[in-house]
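*Asks:*
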Amino acid sequence: SLQEKEELIEEWQPEPLVPPVSKDHPALNYNIVSGPPTHKITVNGKECINFASFNFLGLLDNEKVKNAAQASLKKYGVGTCGPRGFYGTFDVHLELEERLAKFMRTEEAIIYSYGFATIASAIPAYSKRGDIVFVDEAACFAIQKGLQASRSNIKLFKHNDMVHLEQLLKEQEAEDQKNPRKARVTRRFIVVEGLYMNAGDICPLPELIKLKYKYKVRIFLEESLSFGVLGEHGRGITEHFGINVSVIFL
-11 SLQEKEELIE EWQPEPLVPP VSKDHPALNY NIVSGPPTHK ITVNGKECIN FASFNFLGLL
49 DNEKVKNAAQ ASLKKYGVGT CGPRGFYGTF DVHLELEERL AKFMRTEEAI IYSYGFATIA
109 SAIPAYSKRG DIVFVDEAAC FAIQKGLQAS RSNIKLFKHN DMVHLEQLLK EQEAEDQKNP
169 RKARVTRRFI VVEGLYMNAG DICPLPELIK LKYKYKVRIF LEESLSFGVL GEHGRGITEH
229 FGINVSVIFL
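Numbering-wise, the working numbering puts 208 at position 220 of the sequence shown, and it's gapless, one number per residue.
Here is the structure:
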């Protein structure tokens, strides 16, 4: 009856969305940082070595970099506040892209405002649903999010294990022969890092290049950590191994 419904509704008490949290929960006890986040950092009044940073080379402490940053702030402000294609492109963006392309000996270069977004955006821009991506199992989180957004078919190979990678490539080659029509419209990529964030070692690029040509796949090379570190002039892992950058897809 209507009265019974009203009584049941009146008696109903919703369960809490989350369990009670004690006042001494770690998430509620903040670590307070004092001063700039350089290679050394003061946390809760104690000086510590900063391992929670990508400022490995101490560039944030470099006076030349500081002066350039201050000059940029005075001239351009703190940001564009808009996308590149709308009103977010400054002259210095174009100049930097031109200089990077010249330095890396490529036709063009594009910069992103956030390093994480670079590979996370580039992968789904090229690899789509139905495409096949062979990716090292030690790939960083940014690569993982890019693969997730692409909705491609992901095949993980053991870290830097070229035998396992070739096994997967052979298996895919056999699958392609069963359906040549589908194979003709399916793109295949290998995604690796020059210097692995999660492992601290470099990829065997010369062997990857051989597999690229043998099985007709494209290579995505993430060089956030290897750029400026590897190679005689800091051009990354391609320069380190003496490989022409043109053989890398992206």
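Here a beta-carbon is modelled for each residue, glycine too, at the ideal position from N, C-alpha and C.
Would the beta-carbon of VAL179 fall within 8 Å of that of ALA137?
*Replies:* Taking 8 Å as the Cβ cut-off, VAL179 and ALA137 do not qualify as a contacting pair.
*Asks:* Would the region 200 to 207 and the region 165 to 184 be scored as touching if the rule is three or more Cβ pairs under 8 Å?
*Replies:* The region 200 to 207 vs the region 165 to 184: in contact.
*Asks:* Given a threshold of 16 other Cβ atoms within 10 Å of its Cβ, counted over all protein chains shown, does ALA113 qualify as buried or as exposed?
*Replies:* Label assigned to ALA113: exposed.
*Asks:* If we call anything under 8 Å between Cβ atoms a contact, is LEU157 one with PHE122?
*Replies:* A contact, by the Cβ cut-off of 8 Å.
*Asks:* If I follow the unbroken beta strand (DSSP E) through LEU144, where does it start and stop?
*Replies:* Element bounds for LEU144: 141 to 145.
*Asks:* Does the separation of the CB atoms of LYS116 and SER140 fall below 8 Å?
*Replies:* Closer than 8 Å, so yes.
*Asks:* Check for me: the alpha helix (DSSP H) holding ARG87 runs from which residue to which?
*Replies:* Taken as a continuous stretch (DSSP letters only), the alpha helix (DSSP H) holding ARG87 covers 79 to 92.
*Asks:* Taking 8 Å as the threshold, find out whether the region 41 to 52 comes into contact with the region 21 to 28 through three or more Cβ pairs.
*Replies:* A contact exists between the region 41 to 52 and the region 21 to 28.
*Asks:* Could you round the C-beta distance between GLY182 and LEU218 to whole angstroms and report it? I think they count as a contact, below 8 Å.
*Replies:* Sure, about 7 Å apart at Cβ, within 8 Å.
*Asks:* For ARG206, report the span of its alpha helix (DSSP H) as first-last.
*Replies:* Premise fails: ARG206 lies in the beta strand (DSSP E), 206 to 210, not in any alpha helix (DSSP H).
*Asks:* Cα separation between PHE145 and GLN155?
*Replies:* Each residue's Cα considered, the two are about 9 Å apart.
*Asks:* Assign PHE215 to one of three DSSP states: helix, strand, or coil.
*Replies:* DSSP places PHE215 in coil when its eight states are reduced to three.
*Asks:* Would GLU85 and ILE99 be called neighbours here (beta carbons separated by less than 8 Å)?
*Replies:* A contact, by the Cβ cut-off of 8 Å.
*Asks:* Taking its Cβ as the centre, do 16 or more other Cβ atoms sit within 10 Å of ALA130, making it buried, or is it exposed?
*Replies:* Its Cβ being crowded by 16 or more others within 10 Å, ALA130 is buried.
*Asks:* Our contact map puts ILE225 next to LEU193 with C-beta atoms below 8 Å; I'd like the distance itself, whole angstroms only.
*Replies:* Indeed they touch by this definition, with Cβ atoms about 5 Å apart.
*Asks:* Alpha carbon to alpha carbon, how far is GLY222 from SER212? Give it in angstroms, no decimals.
*Replies:* Distance between the alpha carbons of SER212 and GLY222 is about 12 Å.
*Asks:* Quick check: the Cα distance between ASN232 and PRO14, rounded to an integer number of angstroms?
*Replies:* Spanning the two alpha carbons is a distance of roughly 50 Å.
*Asks:* Please classify GLY251 as buried or exposed, where buried requires at least 16 neighbouring CB atoms within 10 angstroms.
*Replies:* Summary: the structure shown does not reach residue 251, with the chain confined to residues -11 through 238, and so no result is reported for it.
*Asks:* Name, in chain order, the residues that DSSP records as bridge partners for ILE37.
*Replies:* Beta-bridge pairing links ILE37 to LYS28.
*Asks:* Can you check which of these residues, ALA187, ASP164, PHE78, ILE190, is closest to LYS63 by C-alpha distance?
*Replies:* Ranking ALA187, ASP164, PHE78, ILE190 by Cα distance to LYS63 puts PHE78 first.
*Asks:* Beta carbon of ASP149: closer than 7 Å to some heavy atom of the ligand FAD?
*Replies:* Annotation note on the ligand FAD: not contained in the displayed structure, which lists no ligands.
*Asks:* Secondary structure at GLU125, three-state DSSP: helix, strand or coil?
*Replies:* Three-state DSSP puts GLU125 in coil, outside helix and strand.
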